[in-house]
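Peer 1: In my numbering, the protein residues as written are 82 to 361.
C-beta atoms are modelled at their ideal positions from N, C-alpha and C, and glycine is treated no differently.
Take a look at this one; I'll ask things after.
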Amino acid sequence: MSRQGHRAKPPAARTVLVTATAWALAAIFLLPYLEMVVTAGRPAGELRDSGYLPGHFDWSSFVRVWSDTTLAQNLRITLVVALGSTLLVLAVALPAAYYTARVDFRGRKAFLLLVLVTQMFQPTALQVGLYREFFTLDLLDTVLVLVLANAAFNLAFAVWILSAYIAAIPVELEEAAQIDGNGRIGALFRVTLPLAMPGVVTAVIFTFIAAWNEFVMGLTLTTSTDRQPLTVGINNMIGAYSVQWNYVFAASVVAIVPVIVLFAVIERHVVSGLTAGSVR
């Protein structure tokens with residue numbers, strides 16, 4: 082049969098419908114972000130106009146928000162807190178997850194259930210106790226208090242997902258590595274961790290994003306404007322009698338860009354980690 086006889090089949094109606102629905106949903110989810118960019122570019126005199134697009138864009142809000150507010154300092158605090166919390170969670174969760182995945186100790190199921198139950202606690206329900214505890218330790222209004230608090234609330238999720246992921250890795254691989262001359266620690270770092278890396282990346286990205294977006298603890302445990310995270314710094318731009326919406330939206334755009342870039346870079350690892358870690 083000649084090549085002219087092989088004609089490409091038109092896409093099925095179901096495929097066209099699914100594709101159109103996906104694009105429509107993507108547009109719906111992207112509209113709020115587009116509105117943020119548009120409002121950030123509105124001149125101050127056009128903020129109350131009913132039109133969707135301004136007469137002309139004024140991007141000086143992105144420049145003035147750095148000089149007129151504490152945005153730069155808040156961004157630095159948030160970056161330090163997110164990175165510090167993520168490293169602390171990883172340092173504690175990896176040994177705990179490895180032990181619960183490899184050792185069948187008494188109360189193991191109860192421990193994992195307790196870890197899962199702690200995810201149901203809201204930070205707002207524990208703010209009074211946290212405030213009193215950190216006040217006693219003289220840690221209020223410091224970067225360290227935000228690192229410790231964010232790490233505490235994200236540790237349970239990291240232990241849970243890493244334990245499920247490590248348990249799915251055959252223990253025979255570690256035993257073979259030990260026969261080849263590696264100790265338990267060597268087998269862990271040379272065999273288990275490389276295979277568990279998608280799960281590690283999943284725990285890292287979710288911990289980082291949770292710490293980056295945290296608001297309540299930052300508002301409660303810090304009072305100095307130059308020591309507050311980015312979410313609280315943006316909230317401070319909303320005054321009692323007026324709101325500089327162009328500053329608020331410009332700062333919001335700045336706040337989401339690092340997370341979008343980070344997630345786009347490691348999105349493939351996040352999806353593989355969630356898929357593999359949920360199947361045992």
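Locate the alpha helix (DSSP H) running through Q208, then write down its first and last residues.
Peer 2: For the purposes of this step, residue 208 is taken as the residue at position 127 of the sequence shown. Start and end: 208-217.
Peer 1: Return the CA-CA distance between Y179 and S244, expressed in angstroms with no decimal places.
Peer 2: Numbered from its first residue, the sequence shown carries residue 179 at position 98. Numbered from its first residue, the sequence shown carries residue 244 at position 163. Between Y179 and S244, the C-alpha separation is close to 6 Å.
Peer 1: List the whole-angstrom C-beta distance separating A182 from N235, where the pair is believed to meet the contact cut-off of C-beta under 8 Å.
Peer 2: Sequence index remark: in the sequence shown, residue 182 carries index 101 (1-based). Sequence index remark: in the sequence shown, residue 235 carries index 154 (1-based). That pair is no contact at about 19 Å.
Peer 1: Which residue's Cα is closest to the Cα of P310: W241, I337, R157?
Peer 2: Taking the sequence shown and counting its residues from 1, the one referred to as residue 310 is at position 229. It is R157.
Peer 1: Tell me the DSSP secondary structure of I319 in three-state form.
Peer 2: Reading the sequence shown from its first residue, position 238 is the one you call residue 319. Three-state DSSP puts I319 in a strand.
Peer 1: Taking 9 Å as the threshold (C-beta atoms), are L254 and A268 in contact?
Peer 2: The residue you call residue 268 lines up with position 187 of the sequence shown. The residue you call residue 254 lines up with position 173 of the sequence shown. Yes; because the gap between Cβ atoms is below 9 Å, this pair is in contact.
Peer 1: Which of helix, strand or coil does DSSP assign to V170?
Peer 2: Reading the sequence shown from its first residue, position 89 is the one you call residue 170. Residue state, collapsed to three classes: helix.
Peer 1: Quick one: what does DSSP say V184 is sitting in, helix, strand or coil?
Peer 2: Numbered from its first residue, the sequence shown carries residue 184 at position 103. Of the three classes helix, strand and coil, the one that applies to V184 here is coil, per DSSP.
Peer 1: Taking only heavy atoms of the ligand COA into account, decide whether any of them is closer than 8 Å to the Cβ of A291.
Peer 2: As presented, the structure is devoid of all ligands, the ligand COA included, so that no description of it is given.
Peer 1: Mind checking L98: buried by the 16 CB within 10 Å criterion, or exposed?
Peer 2: Numbered from 1 along the sequence shown, position 17 holds the residue referred to as residue 98. Burial call: exposed.
Peer 1: Quick check on this structure: which residue in V119, W241, T205, T100 has the alpha carbon closest to the alpha carbon of G299?
Peer 2: Within the sequence shown, residue 299 is the residue found at index 218, counting from 1. Residue T205 is the option with its Cα nearest to G299.
Peer 1: Do V196 and W241 have their beta-carbon atoms positioned less than 9 Å apart in this structure?
Peer 2: Within the sequence shown, the letter at position 160 stands for residue 241. Within the sequence shown, the letter at position 115 stands for residue 196. Yes, Cβ-Cβ distance for W241 and V196 is below 9 Å.
Peer 1: Within 10 Å of its beta-carbon, does F330 have 16 or more other beta-carbons around it, so buried, or fewer, so exposed?
Peer 2: To locate residue 330, count along the sequence shown from 1; it is residue 249. By the neighbour-count rule (16 or more Cβ atoms within 10 Å), F330 is buried.
Peer 1: Given this structure, state the Cα-to-Cα distance separating V324 from A191, to the nearest angstrom.
Peer 2: Translated into the one-based positions of the sequence shown, residue 324 becomes position 243. Translated into the one-based positions of the sequence shown, residue 191 becomes position 110. Between V324 and A191, the C-alpha separation is close to 50 Å.
Peer 1: Roughly how many angstroms separate the alpha carbons of G122 and I247, rounded to a whole number?
Peer 2: Working through the sequence shown from its first residue, we reach residue 122 at position 41. Working through the sequence shown from its first residue, we reach residue 247 at position 166. Near 48 Å, if we compare the C-alpha coordinates of I247 and G122.
Peer 1: Residues bridged to V119 by DSSP?
Peer 2: In the sequence shown, counting from the first residue as 1, residue 119 sits at position 38. Paired residue(s): none; V119 is not in a bridge.
Peer 1: Tell whether a beta-carbon distance below 9 Å holds between L221 and T159.
Peer 2: Walking along the sequence shown from the start, residue 221 turns up at place 140. Walking along the sequence shown from the start, residue 159 turns up at place 78. Against a cut-off of 9 Å, the Cβ pair of T159 and L221 comes out as no contact.
Peer 1: With distances taken Cα to Cα, identify the nearest neighbour of T167 among V313, A284, R308.
Peer 2: Reading the sequence shown from its first residue, position 86 is the one you call residue 167. Ranking the options by Cα distance to T167, first place goes to A284.
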